[in-house]
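Per this note's numbering, the sequence shown starts with residue 198, numbered consecutively. We treat Cβ as the ideally placed atom computed from N, Cα and C, and that holds for glycine. What follows is one structure encoded as structure tokens, with my remarks underneath.
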Amino acid sequence: MIGGHNETLILAIIIGIAGIFIIQKAAPRLAFFMAEIIAPRSIKLQINIAFSVWFGIIGAIFWIMLRFANLLHGGVLQCFVWVFGFSAIVHVSRRVWRLFILGAIGLLTWLLE
Numbered sequence: 198m199i200g201g202h203n204e205t206l207i208l209a210i211i212i213g214i215a216g217i218f219i220i221q222k223a224a225p226r227l228a229f230f231m232a233e234i235i236a237p238r239s240i241k242l243q244i245n246i247a248f249s250v251w252f253g254i255i256g257a258i259f260w261i262m263l264r265f266a267n268l269l270h271g272g273v274l275q276c277f278v279w280v281f282g283f284s285a286i287v288h289v290s291r292r293v294w295r296l297f298i299l300g301a302i303g304l305l306t307w308l309l310e
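This is the structure:
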């Protein structure tokens, strides 16, 4: 277990922000780059490969987060819920979905305590 609660919180926020950056910026570019190398002529195959790679990267990031939560303590998982939840709120356009995500953040935070 790493130090006190403040160090854990800061580490979780940094990892969460890095995960958001990877999912939003780096993963799609890497996925389409790999798809273009594997299937240079077939657009349909490129799209299928790109989405498979992208979802694989997202799954790996969530697996890393769960591993960090096990290594540290439950508060880290709450931080990931907050960081990804509030990032989702920013990117969702409809108010109903924002309220739904906000409710999910509250529910998950309560369940993880």
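{"Asked": "Buried or exposed (CB count within 10 angstroms, at least 16 for buried), residue 216", "Found": "buried"}
{"Asked": "As assigned by DSSP and simplified to three states, the class of residue 236", "Found": "coil"}
{"Asked": "Pairwise C-alpha distance: residue 304 and residue 236", "Found": "43 Å"}
{"Asked": "Straight-line Cα distance separating residue 227 from residue 243", "Found": "12 Å"}
{"Asked": "Environment of residue 234 [buried if 16+ CB atoms lie within 10 Å]", "Found": "exposed"}
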